[in-house]
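Undergrad:
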Amino acid sequence: MNEMSSRRSGLGVVVYGNEIYAVGGFSGTNRLNSAEAYNPSTNTWRPLPAMLRGRSNFGIEVVDGRL
């Protein structure tokens, strides 16, 4: 598996469709507002729109097709 562009711990992770979504987390110094999606078929990560504020140690789910 390729590495994400941002190193993160305490992130929210959810599988939806054919992708794994990695959202927010902690970089070691800051809470992150960034998110990435991993496609195992292509072994690539793609950036997602940023959240309004950084978050770590939170839950995430898919409701009506939205994270």
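Going by numbering that gives the first Met the number 0, the sequence shown runs without a break in its numbering and finishes at 66. Ideal Cβ positions, reconstructed from N, Cα and C, are used throughout, including at glycine. Every value quoted in this text rests on a predicted model; they were computed, and no experiment measured them.
Give me the DSSP bridge partner(s) of I19.
TA: V14 and Y37.
Undergrad: Start and end of the beta strand (DSSP E) containing P46?
TA: T43 to L47 is the span of the beta strand (DSSP E), which, as asked, contains P46.
Undergrad: If you draw a straight line from the C-alpha of S55 to the C-alpha of S8, how long is it?
TA: Straight-line Cα distance between these residues: approximately 8 Å.
Undergrad: If we count the other Cβ atoms within 10 Å of its Cβ and call it buried at 16 or more, is V22 buried or exposed?
TA: Buried.
Undergrad: Whose C-alpha, out of I59, A36 and L10, is nearest the C-alpha of F25?
TA: With distances taken between Cα atoms, F25 lies closest to L10.
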